[in-house]
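Colleague:
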Amino acid sequence: MAGDAASCIFCCRMCGCQLFSDRDVTHGKSNGQTKDGVAACTSIFVTEAPAWFWTPENSSENAGKIVCPTAKCAKKLGHWSWSGLQCSCTAWIAPAFQFVRSHVDAKPSDPVTPVTNARGVGPTSTTGF
Numbered sequence: 001m002a003g004d005a006a007s008c009i010f011c012c013r014m015c016g017c018q019l020f021s022d023r024d025v026t027h028g029k030s031n032g033q034t035k036d037g038v039a040a041c042t043s044i045f046v047t048e049a050p051a052w053f054w055t056p057e058n059s060s061e062n063a064g065k066i067v068c069p070t071a072k073c074a075k076k077l078g079h080w081s082w083s084g085l086q087c088s089c090t091a092w093i094a095p096a097f098q099f100v101r102s103h104v105d106a107k108p109s110d111p112v113t114p115v116t117n118a119r120g121v122g123p124t125s126t127t128g129f
């Protein structure tokens, strides 16, 4: 299971709250380089919404903003849409949970500390969110 460990975690650039790990990234892993004249991805798309994302306000919507789960911060981090969003590299991702690369920081993962956010909910949470 050592191969399943996250090599980095993504945190809110404003407050440092842990949001998701590199294992959750489905699109946007490029580091800003262009390839064959196609623009690099300026966003990071995750496979599914992190556990902390679901709130009563967005559970009945089809699209909206993703904000930092830390109440004092509440920085806008990106967008989500069940019908999908287009990446800067022209790829269409559906459903889409898009984090703007300039609003998150990638940090090396501590192999001892599990990835959690401000509420203590991690990507393997079974709390039903």
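Just so you know, we're using the UniProt record's numbering here: the sequence shown kicks off at 1 and counts up by one.
Ideal Cβ placement from N, Cα and C applies to all residues, glycine included.
1) Can you list, in chain order, the residues of its chain with a C-beta nearer than 6 angstroms to that of residue 99? Leave out the 5 residues immediately preceding and following it.
2) Nearest by alpha-carbon distance to residue 61: which of 46, 50, 80 is it?
3) Are residue 103 and residue 23 closer than 8 angstroms when you measure CB to CB?
4) Going by other Cβ atoms of all chains shown within 10 Å of its Cβ, with 16 needed for buried, is residue 64 buried or exposed?
5) Label residue 92 either buried or exposed according to how many other C-beta atoms from any shown protein chain fall within 10 Å of its C-beta, with 16 as the threshold for buried.
6) Taking just the CA atoms, how far does residue 7 sit from residue 59?
7) Hey, residue 144 and residue 88: beta-carbon distance below 8 angstroms or not?
8) Please report how far the alpha carbon of residue 106 lies from the alpha carbon of residue 75, in whole angstroms.
9) Would you say residue 21 and residue 83 are within 8 angstroms of each other, going by their C-beta atoms?
10) Which residue or residues does DSSP assign as beta-bridge partners of residue 27?
11) Work out the CA separation of residue 46 and residue 53 for me, nearest whole Å.
Modeller: Short version:
1) Position 99 of the sequence shown holds residue 99. Correct list, in chain order: 44, 77, 78.
2) Here residue 61 refers to the residue found at position 61 when the sequence shown is read from its first residue. Of 46, 50, 80, the residue nearest in Cα terms is 80.
3) The sequence position of residue 103 within the sequence shown is 103, counting from 1. The sequence position of residue 23 within the sequence shown is 23, counting from 1. No, these two residues do not count as a Cβ contact at 8 angstroms.
4) By one-based count along the sequence shown, residue 64 stands at place 64. Residue 64 comes out exposed.
5) Position 92 of the sequence shown, counting from 1, holds the residue named residue 92. Its Cβ having fewer than 16 others within 10 Å, residue 92 is exposed.
6) On the sequence shown, position 59 is the one that residue 59 refers to. On the sequence shown, position 7 is the one that residue 7 refers to. Between residue 59 and residue 7, the C-alpha separation is close to 31 angstroms.
7) Outside the modelled stretch of the chain, which goes from 1 to 129, sits residue 144, for which no answer is possible.
8) Stepping through the sequence shown from its first residue, residue 106 is reached at position 106. Stepping through the sequence shown from its first residue, residue 75 is reached at position 75. When the Cα atoms are used, residue 106 and residue 75 turn out to be separated by approximately 17 angstroms.
9) Position 21 of the sequence shown holds residue 21. Position 83 of the sequence shown holds residue 83. No; because the gap between Cβ atoms is not below 8 angstroms, this pair is not in contact.
10) For the purposes of this step, residue 27 is taken as residue 27 along the sequence shown, with counting starting at 1. Beta-bridge pairing links residue 27 to 45.
11) Start at 1 with the first residue of the sequence shown, and residue 53 comes out as number 53. Start at 1 with the first residue of the sequence shown, and residue 46 comes out as number 46. Rounded to the nearest angstrom, the two C-alpha atoms are 12 angstroms apart.
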